[in-house]
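What follows is one structure encoded as C-alpha cells, with my remarks underneath.
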Amino acid sequence: LAVARDLCKRVETRAVGVELLQSVSPGQQVVKIVFDELVSLLGGTTAAGMQFPSNRAAVVLMVGLQGSGKTTSAAKLARHWKERGKRVLLTALDLRRPAAIDQLEVLGKSIDAPVYLSRDASDPVLLAEEARSRADREGFDLLIADTAGRLHVDEELMAEVARLQGSLQPTETLLVLDGMTGQDAVLIAEAFTKRLRVTGFVLTKMDGDARGGAALSLRAVCGAPIRYLGVGEKVEALEAFHADRLASRILGMGDVVTLVERAQERLDHSKAEALEKKLRKEGFTLEDFLGQLQEMKKLGPMDELLKMLPGVKVPAGVQLSEQELRRTEAIIQSMTRQERTRPQVIDGSRRKRIARGSGTTVQDVNRLLRQFEQTRTMLKRFGGKRGRLPMGMP
1 LAVARDLCKR VETRAVGVEL LQSVSPGQQV VKIVFDELVS LLGGTTAAGM
51 QFPSNRAAVV LMVGLQGSGK TTSAAKLARH WKERGKRVLL TALDLRRPAA
101 IDQLEVLGKS IDAPVYLSRD ASDPVLLAEE ARSRADREGF DLLIADTAGR
151 LHVDEELMAE VARLQGSLQP TETLLVLDGM TGQDAVLIAE AFTKRLRVTG
201 FVLTKMDGDA RGGAALSLRA VCGAPIRYLG VGEKVEALEA FHADRLASRI
251 LGMGDVVTLV ERAQERLDHS KAEALEKKLR KEGFTLEDFL GQLQEMKKLG
301 PMDELLKMLP GVKVPAGVQL SEQELRRTEA IIQSMTRQER TRPQVIDGSR
351 RKRIARGSGT TVQDVNRLLR QFEQTRTMLK RFGGKRGRLP MGMP
C-alpha cells in the first residue's frame, strides 16, 4: 500500500502543472508518465546479466518455498543458459524430499543437462561442495543448485540455506516466488532477504491473469531486482525480466518485443521456409494448416499471445484454449489424406463421418473448413507479394 501511495504521489507531482503537448491528448500524456514511473519502480530499463568467472563455474543458488516452482525454475534457467552456449550442471540439494530429487533428474534429462545427486547423502552442504568440485573439474560454465523448500518460512530452512550460501559463495542467489500470491510474495521475500544475500527474484506463474502486483513492490521493499519471469509450465517458458515490458503489460499496452523473441526462439524456421516454397508451387492444404497450428502452440496459450498485442482484447465469451486447438487437430486428423489435400471433396456424409471420428459436431467441422478457406484466401494475397510469410501464421 505504501508503494502504491508513493507511486501515485510521484505521478501526481509530474502530471500537475506540466505543459500539455499538442501532439498527444492529456490522457495519453498521463499514461506516459505512469509508464515511466512504473519502469523506474520495477528497476529501470537495463536488464541485468550473469557474470561468468573465467577460471571456475558460476554458481546460482535457487531458494524459495515448496510449491513456488523452484525446481522447475532451476531446470528452466539451465535450459535458458544452455541455449546461449553455456555448459550447465544441476544439483539436487533437497535431501528430505526424494520426489524433488526425482523431479530435477527427470527435468535434467528433458533438457539434456546432467544432474549431480545422491539419494544417500545427509548433508546438503557436503553434497553442494562435491557438485562444485565436479563443475570446476569438468569445465562447466554454470552450476545451478536446487535447495530445500518448506511449506512456510522456518528457522531450520533459513539456517540450511544460509549454510549453503556461506559454503558455495554463489554468484547469484535467486529467490523463487509465486507471482499469483500477490503481496504474500513480498512478505516471503522480506523474510528471506533478512537472512540471506538475495541478488534477484524469479516470479513464476506470470502467464495468468495477474499482471504483476507483487513485482511492483519487490524492488521497492526488498532492494533486489527481478531477474526472470516464469510464463508457463514448459521448460522453455522462462523470460529474462525487462521492466519496460512488464510495465507495458500492466497498463494493457501489450509486449510485442517479447512475442517476437519467443517466436524466434521456439518456432522451426526451416518448416516456415519449406511451407513458403510449397505455397508458391502447390497451394495451402489442411495438412499445412495443422502444421501451422502445432507451431503456434509452441508460443503458448492463444489468449496469452493476444494480450501481448497492443490494442487487442479477447471478446467476452470467446474461448481461445488449448482445448479448442486440440479439437481442431482431432478434426483434421480424422480426415483421409485426400480430404486434407483436397478439402473440396468433403461433402455432407464425409462431414458426418469426420465429426464422429473426432468426437465433435458437424457444426465444428463446418466452422473449421470456413476458417481454413479464410486463411487460404489470405495466404493467396501473400503469394503475389515478395517477402516471407509471417512465422507461425495459420
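Here the sequence shown is numbered in UniProt numbering, starting from 1 and rising by one per residue. By construction, the Cβ of each residue, glycine as well, lies at the ideal position given by its N, Cα and C atoms. Because the structure is a prediction, the values reported are computed rather than measured.
DSSP, read as helix, strand or coil, puts Thr147 in coil. Under the rule that a run must span 4 or more residues, the alpha helix (DSSP H) segments found entirely inside the stretch 209–251 read 213–222, 243–250.
Under the Cβ criterion (8 Å, minimum of three pairs), the stretch 105–112 does not count as touching the stretch 125–137.
Using a Cβ-Cβ distance cut-off of 8 Å, the stretch 167–187 and the stretch 119–134 are in contact, since at least three pairs of beta carbons, one from each stretch, lie closer than that value.
Counting along the chain, Asp136 sits inside the alpha helix (DSSP H) bounded by residues 124–137. Each residue's CA atom was taken as its position, placing Arg353 and Gln363 some 13 Å apart. Counting only runs of at least 4 residues, the stretch 139–211 fully encloses the following alpha helix (DSSP H) elements, listed from N- to C-terminal order: 155–168, 183–195. Three or more Cβ pairs closer than 8 Å define a contact, and the stretch 190–207 falls short of that threshold against the stretch 91–100. Its chain contains Thr72 as the residues whose beta carbon lies nearer than 8 Å to that of Glu233, once the 5 sequence neighbours on both sides are disregarded; these appear in chain order. When rounded, the separation of the alpha-carbon atoms in Leu286 and Ala237 is 29 Å. Gly291: member of the alpha helix (DSSP H) spanning 286–297, first to last residue.
Taking C-beta atoms under 8 Å as the contact rule, Ala57 and Asp141 qualify, at a distance of about 6 Å. Unbroken beta strand (DSSP E) stretches of 3 residues or longer found wholly inside the stretch 42–122: 58–64, 88–92, given in chain order. The DSSP-derived three-state label of Val16 is coil.
Annotation for Lys82: Val88, Ile111, Ala113 place their beta carbon closer than 7 Å to its own, counting only its chain and skipping 5 residues before and after. For the options Thr147, Thr377, Ala191, the alpha carbon positioned closest to that of Leu104 is the one of Thr147. Secondary structure of Met335 (DSSP, three-state): coil. Just measuring C-alpha positions, the residue of Arg79, Gln51, Lys9, Val31 sitting nearest Val235 is Arg79.
Annotation: the continuous alpha helix (DSSP H) that includes Arg356 extends over 348–358.
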